[in-house]
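Input: a single structure, listed below in structure tokens.
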Amino acid sequence: MQKQRLIAHSILSVYLASFCTFGHAKTASPKAEAESHHTGIASYYSNRFHGRRTASGERFSQNEFTAMHRSLPFGTRLRVTNLSNNRSVEVRVNDRGHPRKGRVLDLSKRAALELGFLRSGLAQVRYEVIGYDDEDG
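Here the working numbering is used: the first residue of the sequence shown is 6, the next is one more, and so on.
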């Protein structure tokens, strides 16, 4: 019985250690994200997500200026610029997820409208970190 417990404990330890090591390697540090501009394809949430809970726990609203990003902390404020028309908005990261391949942000419908890509559904954008909700001042 004790031998089985020791084996189970060893397997669990190896599993947890590998998860911590490899899981951390996949995530970009928020500080590294904030140090420069990033570009890529942005899309926007479909209407079926309106009113649902985001990964941060708040209810999603198509009428707010919010965004989903794979790794930036909740509350991160971004300036997003549509590279085809140079229109910009400021959004707050409040959701996490895995956007479709090649997409860097998923934005609220209001943000997409202001950026001018509501009809096309996708836009080549540049985004930069401009602050965090928990900053003083």
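Glycine included, every Cβ here is placed at the ideal spot set by N, Cα and C.
None of the values given here were measured: they were computed from a predicted structure.
Nearest to L120 by C-alpha distance, out of S51, R64, D138 and V96, is V96.
The C-beta of N52 has fewer than 16 other C-beta atoms within 10 Å across all chains shown, which makes the residue exposed. Residue state for N87 is assigned as strand, using DSSP reduced to three classes. DSSP lists M73 as the bridge partner or partners of D100.
In terms of CA proximity to S48, V130 leads the group V130, S41 and F79. Annotated three-state conformation of E63 is coil, per DSSP.
About 7 Å separates the beta carbon of G80 from that of V98, a gap short enough to meet the 8 Å contact definition.
Exclusion of the five residues before and after T59 leaves F65, N99 and D100 as the residues of its chain whose Cβ lies within less than 7 Å of its Cβ. Setting aside the 5 residues that flank it on each side, R115 is surrounded in the same chain by Q67, N68, E69 and F70, each with a C-beta closer than 7 Å to its C-beta; the list follows chain order. Within its own chain, the residues whose Cβ lies closer than 8 Å to the Cβ of I135, once the five positions on either side in sequence are excluded, are R82, L83, R84 and E95, listed in chain order.
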